[in-house]
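For my numbering, add 11 to where a residue sits in the sequence shown, where the first one is 1.
Backbone N, C-alpha and C define an ideal beta-carbon position, used for all residues, glycine too.
Working notes for the structure below.
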Amino acid sequence: FAWSGANAGVAGQVRAADLVDVGYDAKSGIYRRERSRPAPYNLFSSTPAMREAAGDQGERPPPQLFEYRADEPGGREAPGVHINFGGGPGSAPVDFDWDGTGWARSQRGDPHVDAAGQRLAPPNVIVQLTPYEEVQCCDAAGFPIVEAQLVGEGDALVLTAGRVIEARWSRPSLGDVTTYTVDGEPVGLTPGQTWVAIAPPGSTTVK
């Protein structure tokens with residue numbers, strides 16, 4: 012698990028978790044600062060360096076997270092979704108719009124591009140409607156710290172192949188993989204990248 016920066020409560024949870032920690036605190040030697048970018052957005056590493064740092068501990072493959080399909084998906088055609096994450100000056104509204112091959116992402120109305128200027132557009136997006144609860148007070152700006160309640164079940168929107176599928180998510184415990192189903196059957200995704208947005212109930216509008 013690679014990570015950098017957290018409040019004391021979250022950092023303590025990560026360090027106590029049953030995972031292989033290749034984060035900055037544990038393995039600072041595999042990270043570097045890119046001088047052409049402003050901090051804190053300039054911290055880099057690489058997958059080979061992380062695998063080497065994990066050693067034999069990193070050889071266990073993770074469980075399969077999603078189901079994939081060979082035929083046409085269900086649901087209905089939709090041009091995209093709008094997600095309203097929070098309010099005030101710290102809000103970060105997000106849009107995913109179907110471009111014919113993937114769901115092009117925007118944030119605050121600006122296209123989300125990589126370092127080469129290529130628009131990010133994963134083939135699949137899952138909007139997992141998940142309640143948040145206050146767990147600590149407060150962050151550096153004085154706002155309560157909230158945490159997504161990822162154990163339980165709720166509604167989800169699965170975006171794939173230009174369609175939106177109304178589904179249910181379920182995760183009985185933190186040790187289980189989250190499942191996405193319609194009438195008890197797994198939702199089949201398009202082979203390729205899948206982004207999962209953990210959005211509060213009532214935050215998402217289908218366009």
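Cβ-Cβ distance between residue 80 and residue 201 below 9 Å: Numbered from 1 along the sequence shown, position 69 holds the residue referred to as residue 80. Numbered from 1 along the sequence shown, position 190 holds the residue referred to as residue 201. It is a contact, given that the beta carbons lie within the stated cut-off.
task: Go ahead and pull the three-state DSSP assignment for residue 284.
output: Here the chain comprises residues numbered 12 to 218, so residue 284 is not present and cannot be evaluated.
- prompt: Using 9 Å as the limit for Cβ to Cβ distance, is residue 150 near chain B?
  reply: Structure shown: chain B not included; a single protein chain is present.
query: What is the DSSP secondary structure of residue 70, reduced to helix, strand or coil?
result: Start at 1 with the first residue of the sequence shown, and residue 70 comes out as number 59. Residue 70 falls in the helix class under three-state DSSP.
- prompt: Is there contact here, the segment 45–55 with the segment 132–149, by at least three beta-carbon pairs under 8 Å?
  reply: no
- prompt: Cβ of residue 105 within 8 Å of any heavy atom in the ligand MN?
  reply: Among the ligands in the structure shown, none appear at all, so the ligand MN cannot be discussed.
query: What three-state label does DSSP hand residue 119 in the structure shown?
result: By one-based count along the sequence shown, residue 119 stands at place 108. Looking at residue 119 - three-state DSSP - the assignment turns out to be coil, as it is neither helix nor strand.
query: Just to confirm, are residue 184 and residue 217 a CB contact at a threshold of 9 Å?
result: Stepping through the sequence shown from its first residue, residue 184 is reached at position 173. Stepping through the sequence shown from its first residue, residue 217 is reached at position 206. Not a contact, by the Cβ cut-off of 9 Å.
query: When you compare each of 31, 92, 153, 82 to residue 63 by their alpha carbons, which one comes out closest?
result: Translated into the one-based positions of the sequence shown, residue 63 becomes position 52. Ranking 31, 92, 153, 82 by Cα distance to residue 63 puts 31 first.
- request: Determine the direct distance from the alpha carbon of residue 153 to that of residue 147, and round the result to whole angstroms.
  value: Looking up residue 147 in the sequence shown gives position 136. Looking up residue 153 in the sequence shown gives position 142. So the alpha carbons of these two residues sit roughly 11 Å apart.
field: beta strand (DSSP E) segment containing residue 130, residue limits
entry: On the sequence shown, position 119 is the one that residue 130 refers to. Segment: none, residue 130 is in no beta strand (DSSP E) and carries neither H nor E.
query: Relative to the alpha-carbon of residue 75, which residue among 187, 194, 196 has its alpha-carbon at the smallest distance?
result: Your numbering for residue 75 matches position 64 in the sequence shown. Comparing Cα-Cα distances from residue 75 to each of 187, 194, 196, the minimum goes to 187.
- prompt: Which one of 38, 112, 59, 94 has the shortest CA to CA distance from residue 105?
  reply: Your numbering for residue 105 matches position 94 in the sequence shown. With distances taken between Cα atoms, residue 105 lies closest to 94.
- prompt: In this structure, does DSSP put residue 81 in helix, strand or coil?
  reply: Along the sequence shown, read from residue 1 onward, the residue named residue 81 stands at position 70. Coil.
- request: Could you give the DSSP three-state label for residue 23: helix, strand or coil?
  value: As a position in the sequence shown, residue 23 is number 12, starting the count at 1. In this structure, residue 23 counts as helix in the three-state DSSP scheme.
- prompt: Near residue 149, what residues of its chain come up, given a Cβ to Cβ distance below 6 Å and the 5 sequence neighbours on each side ignored?
  reply: The residue labelled residue 149 in the question sits at position 138 within the sequence shown. If we look at residue 149 and ignore the five residues flanking it on each side, its Cβ neighbours are 155.
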